[in-house]
């Protein structure tokens, strides 16, 4: 999977310029088994989004994809997108460091 967190900033700037309406990012994330990559991805994506807001783009919200590892029709339970891991045998949920990091940003309302 491509690792390009700056895409959020670039697409939001473009959409705002072309459409001229408030922007709501409804799904953004990365498929990876390595949550340290997911943490870096979200840090860079949200930082870029903050830059657009600082420049006056009307961004109303951001939704990470996805809360939990989920079933993909073409490939089953891989790749892993979730902020919360799901043990498929026990159904136990485990919060990943990426979820904690995004939660801290949300609680502080700051990077």
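In this note's numbering, the protein residues as written are 3 to 113. For glycine and all other residues, C-beta sits at the position ideal for the given N, C-alpha and C. Given the structure is predicted, the values throughout are model-derived calculations rather than measurements.
- Per DSSP, residue 23 lies in no beta strand (DSSP E) segment and is marked neither H nor E.
- Exclusion of the five residues before and after residue 33 leaves 3, 81, 82, 83 as the residues of its chain whose Cβ lies within less than 7 Å of its Cβ.
- Cβ-Cβ distances below 7 Å link residue 11 to 50, 51, 53, 54 in the same chain, with the five nearest sequence neighbours on each side left out; the list follows chain order.
- In this structure, the CA atom of residue 25 is about 14 Å from the CA atom of residue 56.
- Under the criterion of beta carbons closer than 8 Å, residue 87 and residue 98 qualify as touching, at roughly 6 Å.
- The C-alpha of residue 59 lies about 25 Å from the C-alpha of residue 68.
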